[in-house]
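Chains as they are written, first to last, in my numbering: chain A, 5 to 188; chain B, 1136 to 1417; chain C, 70 to 850. Virtual Cβ for every residue (Gly too), placed ideally from N, Cα, C. From a predicted model like this one, the values you see are computed outputs, not experimental measurements. As structure tokens, the structure follows; a few thoughts come after it.
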Amino acid sequence: MTDALGMMAGLRVTDALLDAPLDISMTVDGATVAAGVRPRYLLSDFLREQAGVGGVHVACGHGVCGACTVAVDGTPVRACLMLAVQADGAVVQTVASLSELEGDTAPGKDGLTRLQAAFRQHHALQCGYCTPGLLVSTALFLSEHKAQGRPCPGRAEILDHLNGHLCRCTGYANIIAAIESVLA
Amino acid sequence: MKPAPFHYARASSETEAVRLLAARGTEARLLAGGQSLMPLLTRRIERPQLIIDINRIEGLDRIEILPTQVRMGALVRQEQALRSCIVREYAAGVAQALAWVANPVVRRRGTVIGNLVTNSPGAELPAVALALGAEFEVHYPDRNETVPAAALLGAGRSVPLGAMITHVLWPRRPGPAGFYEIARREGHAPVVSVMVSKCQDDWRVAVSGVCAGGLACPTVARVIARKFPHPPELRSLAGALQADLSGPLYGDVHSSARYRLEVAPVISRRAAQHLAQQAASA
Amino acid sequence: MSQATEKFGQRMRRREDPSLLTGKGVYLADLIRPGMAAMRVIRSPLAHARIKRIDVSAIVHDPNCLGFMSAADLPTALGVLPAMDLVETSLPVQQRVLAQDTVRFAGEPVAVVLARDEYFAEDLAERVIVEYEPLPSVMNVRAGIEAHAPLLYPEQGSNIVHETTQRVGDPDGAFAAAAVIIEETFAFRRLMGSPMETRGAMATLEPDSARYVVHSSTQIPQVLRTELSRITGVPLEHLRVVAPRIGGGFGCKEAVYPEEVLLLLALQRFKIPVYWIEDRAESFSATVHGREESMHVRAALDAEGIVTALEADCLADIGAAYALFTNTPSAAVAMLRGPYRIPHFRSRARSVVTNKTPLNVYRGAGYPQATLAMERLMDRAAAELGIDRAEIRRRNLLQPEAFPVERGVAYPGCGPVVYDSGNFPALLDSTLEAIGYQGFPVRRAQATGEVSLGLGLSFVVEMTSGGGVEPARLRLTPNGRLQLLSGITAIGQGSETTLAQILSDHLGLPADMVEVLAGDTDDSPNAPGTFASRGATMGGNAACNAGDAFILQARKLTAELKGVNVDDIAWKNGLLAARSSTAEGSSVQELTLMSLMLEAEARGLNPAQRLDVTARFDDSGTGFASACHAAVVSLDRGTGAIRVLDYAVTHDCGRVANPLLVDGQIMGGVVQGLGGCLFEALEYTDLGVPLSKSYMDYILPTAATAPRFILRHIETPSPLNPLGMKGAGEAGCSGAAGAIVNAIADALGNEIPLPGGSGPFTPALIHEILCNASLKDASPC
């Protein structure tokens, strides 16, 4: 009996065959990126290495800290928990696309979006490693609320959203203040 | 923390997914939301030869209301179920439990069925499935079966090889539910959680984290029902829980078995209070 | 950027932010280039074992394998990793670059394999077979000091490897005369800094100069360079080290690690550029740990609650070898008296090796332990004597007139402890007011249901700004800006903003005229690095000295150009003003730095070389920052859950250059300390297998667990430096456990004893404490 992949059932295939590349293509921050990738290649690595995106940071690699958060077809995703092949044909947006994710068309002053400016104003970042993923996730959180007619999530909802992000530097108070300031 | 090598196949239908699974048996895993499976792959705790991605199978993301059940497909995401009016109205216990699972980003990808079949010790949903008497639709290569959740989630049970769980059926239970949970830190994995669900005179209680698997607790349910809308005494809850225990107690280095057993009555009481609040505001 | 001068003391927003917010921050992982080999470290899974055999036959012919090294492949003359702050009697238990015959902690590097990428490297590493013969392991200090304990280093004859003692006055006499003696043993758990960016490094060859370049996510690039040269024998002039922006340090990146050496050795041997990124699972045993010690403390008090004597005996669990800084246990006891007079004192700090990851300084070094122990004793003494907790502290505080205060103790890495300035009573008054101390009994009484409230206080005094002489280099760039090359690396603390602000203010220059660079040993002066809350103070003072030296050079150059005396050249508002007198009267001609440069170049006066100065700030003493913390917590008697509701800090770090950033440091430090007493602890099985391997096991605080903050500042300028500054990076972390644990004890009530130490006070532990104490009540224990 052979399975769909033409291998004999029960035959252990060599690693090289298991790593045989698949051709994929996705849009990353508006640009098409195509490559042949191994099935096990993580989306986080694809974005950093193939798409050259610096704003995807791998901090924990097991989906707890949220630093690698990107938007895949408009949904927030932990890039370290997705295979690159799964994003074949998808539209991926990182912090470089933050103004679209916030639903703003005009670039803000100093080239910063409203959310980025609020983070700066409130000193909501220190080392900056958790920041890009946090911004992407927050932009999606806020624009989704707006789209559902709930433009002002309360503190409990903001804290629930922030449960998905770890920051070791700031102690969070300024992050909460920055987010609340864009709701005002 | 990179996965070991594997083949990848994107199933376009349930039939194809099942065929691939059957051919590879223990060497294949289904990939849905990935929130449970991916960390196991990156830490090389799991090393399947084949990953079968089911995310593009059409029609598996529906939440349907049937005459006596709420039916969810394998691609129904946790956040989707949490926000669904059907679930809130007819399976309130599920919605209440989901609000405590992880965080919004994880819930956007993680699936209800994925969480159920992962069946982590202490996880909220498997206990709810047992207590409510949920059923699974299982798609084998040669047949489809509907089995009670207990057949797959109970102590010593597991998901059958070479088969795919395509749907979960929650009994249709209009009525309020209450939920409470204690974790080592808010938003972290639960230590003990309790769901209480009332549908007219039918009361169900689910307790997770005391035994390795979830517990359906009919004696606890009776105690809560008797005193409703007032919360029961802790002593009677503790006694009832003892009666409902099944299998060895569960503990880990952070939260001992003794703590879990002793805190479960407190959590049950709060879940009962939460249900009373929900009932009052309905 | 604004044309206005950035003023010292203003809440300037950070110049680092636009780049970081847009994902353009350059961290170590961003420097990896195609064609570099990935290094994977093969680590011991066992806590203590002999290495019997390493079998590479499964990988040696694999085309993906680009290299392999175990101890047998390393140069015989290879040095061991460095350890600072040792004393004469310290035993030589520095860590080897790779384990030779014996592994002494789970996670210890045994070998490395190189591959084309990290995926292959991990595959190959798995196929190397290492055979071990397990040895009995020592997993805590009590076991380590027992008479027949297994010895980690048999040739040293003991597991006690380092000891310091202190003595002030006549403690025996004071204890004999005491009205009350309070004593307690504290167990401080093993924690780690766990920054969001794991460690990483790479080694490349500079093509033209044949120099080795090591990039590393490190707080101490110059120290790393010196030590790499010493360990490997590569001459300093053939070695350049660059620290890019790093994603958090906290002491985790303040050590010299095997991986950094191994990358350089691999480059030398296999002639390929090579990198290593630590993964999170690895980090829990591969990166230095912090805090763990057992401290027994006794306090003697008179009937009025004056602490007359204090005695402390500390056994620190330092892991299997020294890390770079060895003074945590010494600091913990030497600083125990904190802000209190306590004229008689005795302490002993002993470091014990155990089969765990080496212990380094972690934000606060020994002060978190000192503060927790002292402040618990204060609360217990208050309860015993029936004195109000704030009042008993007030009676013991050193008064403002007492400064400078010689404490009579000294410890390695600090020298003699002399508090330079402070106003402890003012800190106390301010914090009591901020937290609502007077009104708290009413607030406590209003708590309903199963929730109890508690309020806790703590005081921190800590050494900052030490570490030695700090240089700074200042030069003019081709586009006429001032470029400060600082020895203070960017670890997230906003050093570029703070230093530019200080220099800009000092020189009266607009903000956008000053750039700050750091981290590259080619450009930056040879400096100790970023640790011990020294960056702003030492870096800022050094920058001002460099600024003064620069302006002097600029005035001299201008004088030469104008053919006048240097005294006729003034520096004012960012311009050089040349006064000249003629028969018609005097006139003033103003030059910008840019025009000075152009004119001087045209005249062949070599401005690039002359307007490039290095100056130093000589460390004439270490500034002692202080703070008073207060926490209000809620304790759920049903579940055992603790929440920190409100948190007040009044902080004194002398003159504050940028209060926005200092507040950020305090809040970040408090939440890190909060994590350490509510959630975090590194756990092991009895045999030494680490149980904490991910963020599912080792839990960090989240936004939902952070308190509401009330932050205040008092400034008692330090007389030790012209800017009057002291460090601020650690006092938030150092005070947190003391305030929070005291608040938990307060919520439980005096009748319920709290186990001594840092917990963590998880719901399960609180529940156990309540059960052990309960005699009757309804809770089903």
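Inset, instruction - Look at I557 of chain C and G523 of chain C and say whether their C-beta atoms are less than 7 Å apart. - result: no
Legend entry - Minimum C-alpha distance to M765 of chain C - residue among B:Y1225, B:V1326, B:S1403, B:R1393: B:V1326
Legend entry - Span of the alpha helix (DSSP H) around T1253 of chain B: 1247-1253
Legend entry - CB contact check: E1321 of chain B to chain C, cutoff 7 Å: yes
Legend entry - Contact set between V1326 of chain B and chain A, taken where Cβ atoms lie within less than 9 Å: Per Cβ cutoff of 9 Å: no residues; V1326 of chain B is ~16 Å from chain A at best.
Legend entry - Neighbour-count burial assignment, Q1170 of chain B, 16 or more Cβ in a 10 Å radius: buried
Inset, instruction - Look at G535 of chain C and T785 of chain C and say whether their C-beta atoms are less than 7 Å apart. - result: no
Inset, instruction - Please determine, among C:T397, C:R84, C:L183, the residue with the shortest C-alpha to C-alpha distance to R124 of chain A. - result: C:R84
Inset, instruction - Use the C-beta contact count for H1274 of chain B: other C-beta atoms within 10 angstroms, 16 or more gives buried, fewer gives exposed. - result: buried
Legend entry - Beta-carbon spacing of D386 of chain C, T423 of chain C below 7 Å: yes
Inset, instruction - Identify the continuous alpha helix (DSSP H) that holds H1389 of chain B and give its terminal residues. - result: Taken as a continuous stretch (DSSP letters only), H1389 of chain B belongs to no alpha helix (DSSP H), as it is neither H nor E.
Inset, instruction - Examine the Cβ distances between the segment 717-730 of chain C and the segment 510-523 of chain C and report whether three or more of them are shorter than 8 Å. - result: no
Inset, instruction - Compute the distance between the beta-carbons of F451 of chain C and R458 of chain C, then report whether it is under 7 Å. - result: Residue identity check: residue 451 of chain C is Ala in the sequence provided, not Phe. Cβ distance < 7 Å, so A451 of chain C and R458 of chain C count as in contact.
Legend entry - Member of C:Q678, C:A350, C:Y716, C:F600 whose CA lies at the smallest distance from the CA of L19 of chain C: Given that chain C is displayed from residue 70 to residue 850, the structure contains no residue 19 of chain C and the question cannot be resolved.
Legend entry - Environment of R122 of chain C [buried if 16+ CB atoms lie within 10 Å]: exposed
Inset, instruction - Consult DSSP for A118 of chain C and reduce its assignment to one of helix, strand or coil. - result: strand
Legend entry - Test item: CB-CB of I461 of chain C and G563 of chain C under 7 Å: no
Legend entry - Coil, strand or helix - Y1315 of chain B by DSSP: strand
Legend entry - Contacting positions in the segment 763-775 of chain C - beta carbon closer than 9 Å to chain A: S763, Y764, M765, L769, P770, T771, A772, A773, T774, A775
Inset, instruction - Grab me the residues of R280 of chain C's own chain with a C-beta within less than 7 Å of its C-beta, minus the 5 sequence neighbours each way, in chain order. - result: H307, L308, R309
Legend entry - For L22 of chain A and M11 of chain A, the rounded distance between their alpha carbons: Only weak support is given to the placement of M11 of chain A: the predicted model assigns it a pLDDT of 39, under 50, and the question is left unresolved by the model.
Inset, instruction - Look up Q658 of chain C in the DSSP assignment and give the residues it is bridged to. - result: C:A647
Legend entry - CB contact flag (V311 of chain C, G588 of chain C, <7 Å): yes
Inset, instruction - Note down, in chain order, each residue of its chain lying with its Cβ closer than 6 Å to the Cβ of A700 of chain C, except the 5 sequence neighbours on either side. - result: G525, V713, Y716, A808, I809, A812
Inset, instruction - Note down, in chain order, all residues in the segment 78-94 of chain A with a beta-carbon under 8 Å from any beta-carbon belonging to chain B. - result: T79, P80, V81, R82, C84, L85, M86, L87, V89, Q90
Legend entry - Sub-7 Å separation of P408 of chain C and L466 of chain C beta-carbons: yes
Inset, instruction - Decide if H130 of chain C is buried, meaning its Cβ has at least 16 other Cβ atoms within 10 Å, or exposed. - result: exposed
Inset, instruction - In the DSSP assignment, find the unbroken alpha helix (DSSP H) run with S354 of chain C in it and report its ends. - result: 349-355
Inset, instruction - For M1299 of chain B, decide whether its Cβ has a neighbour in chain A, counting only Cβ atoms nearer than 7 Å. - result: no
Legend entry - beta strand (DSSP E) segment containing K1333 of chain B, residue limits: 1325-1334
Inset, instruction - For the alpha helix (DSSP H) holding G801 of chain C, just list the boundary residues, first then last. - result: 800-817
Inset, instruction - Determine the direct distance from the alpha carbon of N595 of chain C to that of S649 of chain C, and round the result to whole angstroms. - result: 41 Å
Inset, instruction - Return the CA-CA distance between V376 of chain C and I251 of chain C, expressed in angstroms with no decimal places. - result: 10 Å
Inset, instruction - Return yes when the Cβ of L1267 of chain B is within less than 7 Å of the Cβ of P1306 of chain B, no when it is not. - result: yes
Inset, instruction - Could you tell me which uninterrupted beta strand (DSSP E) segments, each at least 3 residues in length, are contained entirely in the segment 192-251 of chain C, listed from first to last along the chain? - result: 198-203, 229-237
Inset, instruction - Have a look at R16 of chain A and P1140 of chain B and give me their C-alpha separation to the nearest angstrom. - result: Since pLDDT at R16 of chain A reaches only 44, below the 50 mark, its modelled position is unreliable, and the value read off the structure follows with that caveat. Each residue's alpha carbon lies about 12 Å from the other.
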